[in-house]
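If you're matching positions, the sequence shown starts at 1 in the UniProt record's numbering and goes up one per residue. We put the CB at the ideal spot given by N, CA and C, even for glycine. In what follows, a structure is listed as structure tokens, so that the remarks can point back to it.
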Amino acid sequence: AKQLVGVNEEDHLILAHQSYKSGKYSQALEHGNAVYEKNPRRTDNLLLLGAIYFQLRDYDLCIAKNEEALAIDPQFAECYGNMANAWKEKGDIDLAIRFYLTAIQLRPNFCDAWSNLASAYTRKGRLNEAAQCCKQALLLNPRLVDAHSNLGNLMKAQGLVQEAYACYLEAIRIDPHFAIAWSNLAGLFMEVGDLNKAMQYYKEAVKLKPSFADAHLNQGNVYKAMGMLQEAVSCYQRALQARPDYAMAYGNLATIYYEQRQLDMAIHCYNQAILCDSRFVEAYNNMGNALKDAGRVEEAINCFQSCLVLQANHPQALTNLGNIYMEWNMISTAASFYKAAIAVTSGLSSPLNNLAVIYKQQ
Numbered sequence: 001a002k003q004l005v006g007v008n009e010e011d012h013l014i015l016a017h018q019s020y021k022s023g024k025y026s027q028a029l030e031h032g033n034a035v036y037e038k039n040p041r042r043t044d045n046l047l048l049l050g051a052i053y054f055q056l057r058d059y060d061l062c063i064a065k066n067e068e069a070l071a072i073d074p075q076f077a078e079c080y081g082n083m084a085n086a087w088k089e090k091g092d093i094d095l096a097i098r099f100y101l102t103a104i105q106l107r108p109n110f111c112d113a114w115s116n117l118a119s120a121y122t123r124k125g126r127l128n129e130a131a132q133c134c135k136q137a138l139l140l141n142p143r144l145v146d147a148h149s150n151l152g153n154l155m156k157a158q159g160l161v162q163e164a165y166a167c168y169l170e171a172i173r174i175d176p177h178f179a180i181a182w183s184n185l186a187g188l189f190m191e192v193g194d195l196n197k198a199m200q201y202y203k204e205a206v207k208l209k210p211s212f213a214d215a216h217l218n219q220g221n222v223y224k225a226m227g228m229l230q231e232a233v234s235c236y237q238r239a240l241q242a243r244p245d246y247a248m249a250y251g252n253l254a255t256i257y258y259e260q261r262q263l264d265m266a267i268h269c270y271n272q273a274i275l276c277d278s279r280f281v282e283a284y285n286n287m288g289n290a291l292k293d294a295g296r297v298e299e300a301i302n303c304f305q306s307c308l309v310l311q312a313n314h315p316q317a318l319t320n321l322g323n324i325y326m327e328w329n330m331i332s333t334a335a336s337f338y339k340a341a342i343a344v345t346s347g348l349s350s351p352l353n354n355l356a357v358i359y360k361q362q
């Protein structure tokens, strides 16, 4: 009987790996959990479970499984690397950097960790260190497409468009199915205003990886820039299918509904955006505008105030509140909001004009 259990465990692990590789993460999880029930101390299975949870965007459980493995084998470099990936997604970049460095200390030739450390340094604006890490990763493995792509992002961040282009092309030459590089290439063309090329490459990215939420979102942005709003809406909806908690996709969807004067739909989508990301400043301000246009002024005031709680010097929210008080004939309150708006921006003409109107009236 013992042998049967052993075979069963190995079979489950093999099936878990196969399901993981083919992107069937829920199936992979079932097999991995079956192994875990039989033997919770198998570090290779714990590492895989962590990776599965990462793909399912359950970063806390990803971290927990890697911690379980490290309690058994403190030298397990991959666990530190995967934990760092999860912390990076959770937004704690400093902790991610610490874990990448630990992974590299344990395994200096860990090229994925070098490449991921590069993207963490990029997020912190430490571009020179990031470039060094990319180059180190590519020394260890010249075919590491992630590192070519990350190096491209670095070049782009420094305004070196030709160099970025070359990096993305190299990644695609090595692996034509690497969706991230197609998406990054598209972003480069979007920035220089070549919408047709951008569209072509985003289409390639989502064809290669249908669950690629960022690429769906950006493809929607290209359609919007082309004035093809229905297509843009479809892309944002696909982004939300791929990532149901994607605040930016709800925000962009809401903006289109707002521009089409579908105020109820706009308000609903801004609300969803805020539920996904309670610190989404622009969503509060924009939802305030939609509520005000829908005649729900008290709720609009609450939105503008929530916006100011998150960003006390948000010029549009200050101006919008000023406008409401102006309409209510509460002139001195309106003036104080306009003055606050003028103090924090030089780009808005409306608070200046409105303040001039007030001074004229007095």
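Same chain only: Cβ atoms within 6 Å of A213, ignoring 5 sequence neighbours per side
Taking the first residue of the sequence shown as position 1, residue 213 is located at position 213. Cβ neighbours of A213 beyond the five flanking positions: A239, A242, R243 and Y246.
Using alpha carbons as the reference points, say which of P108, N66 and Y223 lies closest to A86.
Counted from its first residue, the sequence shown places residue 86 at position 86. The shortest Cα separation from A86 among P108, N66 and Y223 belongs to N66.
To the nearest angstrom, how far is the alpha carbon of G6 from that of P210?
For the purposes of this step, residue 6 is taken as the residue at position 6 of the sequence shown. For the purposes of this step, residue 210 is taken as the residue at position 210 of the sequence shown. In this predicted model, G6 has a pLDDT of only 49, less than 50, meaning its place in the structure is not dependable enough to derive any value.
Just the C-alpha distance for Y80 and E37, rounded to the nearest angstrom, thanks.
Taking the first residue of the sequence shown as position 1, residue 80 is located at position 80. Taking the first residue of the sequence shown as position 1, residue 37 is located at position 37. Near 24 Å, if we compare the C-alpha coordinates of E37 and Y80.
Checking 7 Å against the spacing of the C-beta atoms, do V222 and A198 come in under that value?
Locating residue 222 in the sequence shown gives position 222, where the first residue counts as 1. Locating residue 198 in the sequence shown gives position 198, where the first residue counts as 1. Closer than 7 Å, so yes.
Using the beta-carbon count (16 or more within 10 Å), is residue 365 buried or exposed?
Nothing can be reported for residue 365: it is not among the residues displayed for the chain, which extend from 1 to 362.
With a cut-off of 8 Å on the beta carbons, I'd call I174 and R143 a contact; round off their distance for me.
In the sequence shown, residue 174 corresponds to position 174, counting from 1. In the sequence shown, residue 143 corresponds to position 143, counting from 1. That pair is a contact at about 5 Å.
Compare the Cα-Cα distances from D112 to each of T122, N141, E129 and K21 and report the closest residue.
Counting from one through the sequence shown, the residue named residue 112 turns up at place 112. Of the listed residues, the one whose Cα sits closest to D112 is N141.
Going by Cα to Cα distance, which pick from R279, S278, N109 and G251 is closest to A266?
On the sequence shown, position 266 is the one that residue 266 refers to. Among R279, S278, N109 and G251, the Cα nearest to that of A266 belongs to G251.
So the alpha helix (DSSP H) K217 belongs to, where does it begin and stop?
Reading the sequence shown from its first residue, position 217 is the one you call residue 217. In the sequence as presented, Lys is not what sits at residue 217; that position holds Leu. Per DSSP, L217 belongs to the alpha helix (DSSP H) from A213 to A225.
CB D146 to CB S183, shorter than 7 Å?
As a first step, residue 146 is located in the sequence shown; it is residue number 146 there, counting from the start. As a first step, residue 183 is located in the sequence shown; it is residue number 183 there, counting from the start. Result no, Cβ atoms of D146 and S183 do not sit closer than 7 Å.
C307 beta carbon less than 7 Å from that of N285
Here residue 285 refers to the residue found at position 285 when the sequence shown is read from its first residue. Here residue 307 refers to the residue found at position 307 when the sequence shown is read from its first residue. Against a cut-off of 7 Å, the Cβ pair of C307 and N285 comes out as a contact.
Beta carbon of N150, beta carbon of A120: below 7 Å?
Within the sequence shown, numbered from 1, the residue matching residue 150 stands at position 150. Within the sequence shown, numbered from 1, the residue matching residue 120 stands at position 120. Contact: no.
Just the Cα atoms here: how many angstroms apart are Y100 and A77?
Residue 100 sits at position 100 when you count from the first residue of the sequence shown. Residue 77 sits at position 77 when you count from the first residue of the sequence shown. The straight-line gap separating the alpha-carbon atoms of Y100 and A77 is approximately 9 Å.
Can you tell me the Cα-Cα spacing of G193 and K224, whole angstroms?
Locating residue 193 in the sequence shown gives position 193, where the first residue counts as 1. Locating residue 224 in the sequence shown gives position 224, where the first residue counts as 1. Looking at the two C-alpha atoms, the distance is approximately 13 Å.
Give a yes or no on whether 7 Å exceeds the smallest Cβ distance from A273 to chain D.
The chain inventory of the structure shown lacks chain D, comprising one protein chain alone.
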